[in-house]
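Worksheet: the structure to be examined is printed underneath.
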Amino acid sequence: MTLSRRDFLKAAGLAIGGAFIATESAQAKPDPNEYAAMLYDATMCVGCNACTNACRQWNGTAPETDDRLLYDAPKELSSDTWTMIQLYQGENDTSFVKRQCMHCVDPACVSGCPVQALQKTAEGPVTYDQDRCIGCRYCMYTCPFHVPRFAWDTAQMPVIAKCTLCADRVQDGLPTACAERCPTSALIFGKRGDLIAEAEKRISENPARYVDHVYGKDDAGGTSVMYLAGVSFENLGLQDLGTKPIPEISEGTANIILPGVLLGAPLLLGMIRLTAKRGGWEDTWPL
Amino acid sequence: MLESNVQEAAISHGVSRRDFLKFCSMMAGVLALPRSYSTYIEQALAAPKRLPVIWLELQDCAGCTEALLRATQPTVSQLVLDVLSVDYHETIMAASGNLAEAAKEATLKAGGYLLVVEGSIPQADNGVYCTVGGKTALQLLEEAAANAVAVVAVGNCASFGGWPKAHPNPTGATFVSDLVKDKPVMNLPGCPYNPVNLTAAIVHFLTFGELPAMDDLHRPLFAYGARIHDNCPRRGHFDAGEFVVAWGDEGHNKGWCLYKMGCKGPVTFHNCPAVGYNDGTSWPIKAGHGCIACSEPDFWELGIYNLADLQQYAPPATYAPVQLPTQKVDPATAGMIGAVAGVAVGAAGVAAYKALSKSDEEAPASPAEKK
Amino acid sequence: MAAITRSNKSNIPISFWPLMALTLLGVGLAIYRLVVGLGVSTNMSDHYPWGIWITIDLFLIPVAGAAFTISLLSYFLGREDYHSIIRPAVLAGFLGYGVVGVLLFLDIGRWTQFYNIFIPGFINLHSFLEEVSLCVTLYTAILILEVAPVFLEKWGYKAPIQWINRSIFVIAGAGVVLSMLHQSSLGSMFLLMPHKLHPLWWTPSLPLLFYLQAVYTGLSAVAIAVRLVWRAMGLPIDRMLFRRIGQAMSINLMLYAAIKVGDWMGAGEVPLLLRPDAFGLLAWFQFLIGIILPLGILLSKLVGHTSGPFWAGVFALIGTFIERLVVSWVGLAEPNPVSYIPSFTEIFITIGMIAGAFLLYGVVVRYFKLFPDPKQSHA
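This is the structure in structure tokens:
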């Protein structure tokens, strides 16, 4: 019965693999309140774009001229613009909003990247490793904030580009370049827990000024870049994403399907094989 | 001794006609008038006219007078003032004591003079904190304003009360427009004010017979109509986010924006970036220190090194708007899909209908047909 | 399939030349894309990071999944009646996955590092895209083994054929397991975008839906392809086989429909169906044309009609295409959407690769034994 033994060995091998997968995800995670984070108070922002320029200077990205032919006035993020300010003008209210990677506590892009080119570091920033990246652009698909951008015009070895939360500066104990440069201190850098406390303090001391919500405290499982605003967050392009981390459903499904199929299917097939009626057609083999 | 008009005076003092015309153009520029108006200015300054001026120094430091004495093109400005016949000015007049007071009395009685006031007016304790010749500053102002054609308050003290008015204001200092209500008052605040602005205002008065257009704080718009921030040569650095963060740092050496060092440019109305002080030699920001808002009322309360309030902004129409994620099929894609789907389904539908409504084919065991 | 002709004629069929031209054009454009990069050769952008290549891949993978369904039915369930179509199905599967592989390789931006997806330290087991990549690679290897006998017997290598035949259950079994994994993972990939994908298409049951769709899509492909091939070659039609295929299709279609409708009702999305916007219309279109119409054919007596499963398959494939189109392109929420129309390069690389697959299929049919001799087929 060589075949059925082989069947069994194959099934066993796959089962071990399945168990491996299931345990892999049960690792200790750092405390989110210790992450490097930023708080952006839209009511204090004057749209001067000092942050945009600080980011350009630190990261060496090139100024952009888009189809509007305005010098260095990009309309949206791109592979050369990792942060920028956008303007919301409603009928009765106005606000600026800073766009950049939110450095989520449980990022969708990290969960989806096939080669772990995007990683959530222990200090907080979500970093990108171009030596691993294959340019599949799945991260662009999964990010609920539409952040990662691709260097389409680079012919060979294009990269994915996004804010790095100045991981290199944070490592040396410095704040992010944008937060350091902000003239009105609308953007401040610190530990996530401290910034949440500061944000809640601002809301309680000045309830008429703010919408009563710290965006990013729990949204999509929490982000390291958090927002306070005086207008509704929907108008600023920050949607209601619920409080569940985005990867929860996907990883939960993986934890069920992968071991389930890898264990169950071979067993099922083995059982079918052993019990199914054999016709005479096997005698016509080879086909 | 006094020449009959400015032009003759100028020429007799060795100023060429060409330089005189240049002065008239410059005045037109300071007054923010079209260049063609320099002709009117030239005519005004050539016409015989003598406007008497009484210059009162009340609770002051004489800084504004000192500024006046450092005026641009001193020769021509002094001539303007000579033509104006400054009948009373405690710091610079030759006379003193009773003679000086008598000169003032004569002008006051004759009327038709321009009253220039320097320094604040103390009101506490019946005004005893500033007295000249036995009269309080309050009395002096009252009697001088009575017959004046117009009142010009030079310096922040006369315009808005100045440093003496700072808390706790022990002398009860107040300012000219708080007290003089029945005469046209023009404020030329600054600490000191910029004498070019006084020269220009007087030239305006001589040319048009009235004080220039003013804002709601009685400041002439040609000098106080725009913020320092709006005309600052370092504005580019502000817009690019290049700020000095410590005295003597790399940014300071490169002339970067001083906003973070407390510059009050964004909340101060004055024309310092355009005209400069001391013959256009320099002005605070050019020298590397932020503006302290010395032409604004109660500027000491802002705190020299506190950040100015940047609330007033109007982003340009080209500012990048918020992009909201939308879920919609754009028309081009919709058209394409619709067309392709329509054709595919239509063709398939027709063919399927035909094939399925036909009776079925022969039995499977029949031999294959040769085509 | 006009590329197929009788094997006793030796002249080159008329369809060879356009297919060859298209294939060469596709290969040339592929080299062009590799040299100039994605920005120049495609119309993909930051708002549409995936284009028709991914859509076509998502469509071809279930179509090529005919191979695993037939394997399951033939080898494990011992269904003799499917015996005659194992080879054509497996070859179609192999060529289909070949096209998918080429399009995927061309799509990734940093293709010189593509092998990173196989490096153990890099592999992200949480990522369904990684899982799809690994499974598709392994499954292609399985398909090579399954289709190898076709070539080996012509070339006279007996020993490898015997080895393959002895191990066929393990090989085919691995193929079924891998297929279940990656067909469902294609759907699971979209679990990470609950807020971006339109609610009428996003559901936690995406893996199951995609798997069921893959089963009936594969069967549809079999019904269509085999019907056309046998017609062209003048072989007798095995009506019982077609009936069985049709029945299997209808079971999966009904399961698929039940889960989809159940999800719409359970998530309160029925009002979205009643809105007269493009998405409501697309959902209705997909459901009516892709599910109801095929079921209408297959649950009636037309299932026994030799063209019944064929046309049901055609409409089911249209439905599958709509589904895969919406999840990969049309159904996604983007800020300030810019419209995406595929570029010439994208379209003709796709057409070229598919033409190449047809060409190779025709060559194999011509020179190798893909179909059993008529007298060996069972009623």
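Those protein sequences? They're chains A, B and C, same order as listed. Be aware that the first sequence starts at 43, since it is given in our numbering, and climbs by one per residue. Be aware that the second sequence starts at 48, since it is given in our numbering, and climbs by one per residue. Be aware that the third sequence starts at 1449, since it is given in our numbering, and climbs by one per residue. Glycine residues also receive a C-beta, built at the ideal position from the N, C-alpha and C atoms.
According to DSSP, residues forming a beta bridge with residue i
i                   : result
isoleucine 101/B    : Tyr135/B, Leu162/B
methionine 1637/C   : Looking at the DSSP assignment, methionine 1637/C forms no beta bridge with any residue, so it has no partner.
arginine 141/A      : Met126/A
lysine 162/A        : Val168/A
tyrosine 269/A      : Tyr82/A, Tyr257/A
threonine 221/B     : Ile168/B
proline 363/B       : Answer by DSSP bridge pairing: none, since proline 363/B is not bridged.
leucine 1780/C      : Leu1645/C
cysteine 146/A      : Thr265/A
phenylalanine 316/B : Arg274/B
serine 72/B         : Answer by DSSP bridge pairing: none, since serine 72/B is not bridged.
Assigned secondary structure, residue i (DSSP; H/G/I helix, E/B strand, else coil)
i                    : result
valine 123/B         : Model confidence at valine 123/B stands at a pLDDT of 49, short of 50, so the residue's coordinates are unreliable and nothing is read from them.
serine 406/B         : coil
glutamine 374/B      : coil
proline 1510/C       : helix
aspartate 277/B      : helix
phenylalanine 255/B  : helix
valine 232/B         : strand
phenylalanine 1570/C : coil
aspartate 109/A      : coil
threonine 136/A      : strand
leucine 81/A         : strand
isoleucine 1462/C    : coil
isoleucine 298/A     : helix
proline 239/B        : coil
arginine 1772/C      : helix
proline 81/B         : coil
tyrosine 324/B       : strand
leucine 283/A        : coil
cysteine 97/A        : helix
isoleucine 351/B     : coil
isoleucine 339/B     : coil
cysteine 304/B       : strand
alanine 22/A         : Any property of residue 22/A remains undetermined from this structure, which presents chain A solely from 43 to 329.
arginine 338/A       : Past the edges of chain A, shown from 43 to 329, lies residue 338/A, and the structure says nothing about it.
proline 368/B        : strand
serine 1519/C        : helix
proline 156/A        : coil
8 Å contact criterion, which residue i and residue j should meet: CB distance rounded
i                    : j                    : result
arginine 1691/C      : glycine 1752/C       : 5 Å
phenylalanine 1599/C : phenylalanine 1816/C : 6 Å
glycine 1756/C       : leucine 1750/C       : 4 Å
leucine 226/B        : leucine 235/B        : 17 Å between Cβ atoms; not a contact.
glutamine 161/A      : threonine 169/A      : 6 Å
is_contact[residue i, chain E] using C-beta, thresh 8 Å
i                : result
asparagine 277/A : Among the chains of the structure shown, chain E does not appear; the protein chains present are A, B and C.
Segments of 4+ residues assigned as alpha helix (DSSP H) that fall wholly inside the stretch 213–266 of chain A
Entirely contained in the stretch 213–266 of chain A, the alpha helix (DSSP H) runs reaching 4 residues are, in chain order, 219–223, 234–247.
Using 8 Å as the cut-off, can you tell me whether the stretch 93–105 of chain A makes contact with the stretch 222–232 of chain A, which would need three or more C-beta pairs spanning the two stretches below that distance?
Because the criterion of three Cβ pairs below 8 Å is met, the stretch 93–105 of chain A and the stretch 222–232 of chain A touch.
Of all the alpha helix (DSSP H) runs that stay within the bounds of the stretch 139–203 of chain B, which reach a length of 4 or more residues?
Residue ranges of uninterrupted alpha helix (DSSP H) with 4 or more members, entirely inside the stretch 139–203 of chain B and ordered along the chain, are 144–157, 184–193.
Spell out a yes or no on whether the stretch 1796–1804 of chain C and the stretch 1578–1592 of chain C are touching, meaning 3 or more CB-CB pairs, one atom from each, closer than 8 Å.
The stretch 1796–1804 of chain C makes no contact with the stretch 1578–1592 of chain C: fewer than 3 CB pairs, one atom from each, lie closer than 8 Å.
Does the stretch 102–112 of chain B come into contact with the stretch 177–193 of chain B, if we say contact requires no fewer than three beta-carbon pairs (one atom in each stretch) closer than 8 Å?
Short answer: they touch.
Taking contact to mean at least 3 C-beta pairs separated by less than 8 Å, is the stretch 1665–1683 of chain C in contact with the stretch 305–313 of chain A?
Contact between the stretch 1665–1683 of chain C and the stretch 305–313 of chain A is absent: fewer than 3 CB-CB pairs across the two stretches fall below 8 Å.
Quick test of the definition: if touching needs 3 or more C-beta pairs under 8 Å, does the stretch 67–78 of chain B touch the stretch 284–291 of chain B?
In short, these stretches do not touch, since the Cβ pair count stays below three.
Considering only residues of the stretch 1697–1722 of chain C, which uninterrupted alpha helix (DSSP H) runs meet the minimum length of 4 residues and lie entirely inside it, listed in chain order?
For the stretch 1697–1722 of chain C, whole alpha helix (DSSP H) runs of length 4 or above, ordered along the chain, are 1718–1721.
The stretch 197–215 of chain A in contact with the stretch 1476–1492 of chain C per 3-pair CB rule at 8 Å:
Put simply, the stretch 197–215 of chain A touches the stretch 1476–1492 of chain C. At least three CB pairs are less than 8 Å apart.
Stretch-stretch touch, CB-based, cutoff 8 Å, three pairs: the stretch 365–376 of chain B with the stretch 266–283 of chain B
Judged by Cβ distances under 8 Å, the stretch 365–376 of chain B makes no contact with the stretch 266–283 of chain B, as fewer than three pairs qualify.
When you compare the stretch 115–132 of chain A with the stretch 272–284 of chain A, are there three or more beta-carbon pairs, one atom per stretch, that lie closer than 8 Å?
With a cut-off of 8 Å, the stretch 272–284 of chain A and the stretch 115–132 of chain A count as touching, because enough Cβ pairs lie within range.
Spell out a yes or no on whether the stretch 1778–1798 of chain C and the stretch 1514–1528 of chain C are touching, meaning 3 or more CB-CB pairs, one atom from each, closer than 8 Å.
Segments in contact, no.
Would you check if the stretch 307–323 of chain B and the stretch 110–117 of chain B touch, i.e. whether three or more CB-CB distances between them fall below 8 Å?
With the cut-off at 8 Å, the stretch 110–117 of chain B and the stretch 307–323 of chain B do not touch.
How do the stretch 1531–1546 of chain C and the stretch 144–154 of chain A stand: do at least 3 beta-carbon pairs fall below 8 Å, yes or no?
Flag = no, the stretch 1531–1546 of chain C and the stretch 144–154 of chain A do not touch.
Is the stretch 1494–1504 of chain C in contact with the stretch 1638–1651 of chain C, if contact means three or more CB pairs nearer than 8 Å?
No, the stretch 1494–1504 of chain C is not in contact with the stretch 1638–1651 of chain C.
Give a yes or no on contact between the stretch 1636–1643 of chain C and the stretch 1600–1616 of chain C, applying the rule of three or more CB pairs nearer than 8 Å.
The answer is no - the stretch 1600–1616 of chain C does not touch the stretch 1636–1643 of chain C, with fewer than three Cβ pairs under 8 Å.
Any contact of the stretch 105–117 of chain A with the stretch 236–248 of chain A, i.e. 3+ C-beta pairs under 8 Å?
Three or more beta-carbon pairs separated by less than 8 Å are not found between the stretch 105–117 of chain A and the stretch 236–248 of chain A, which leaves the two stretches without contact.
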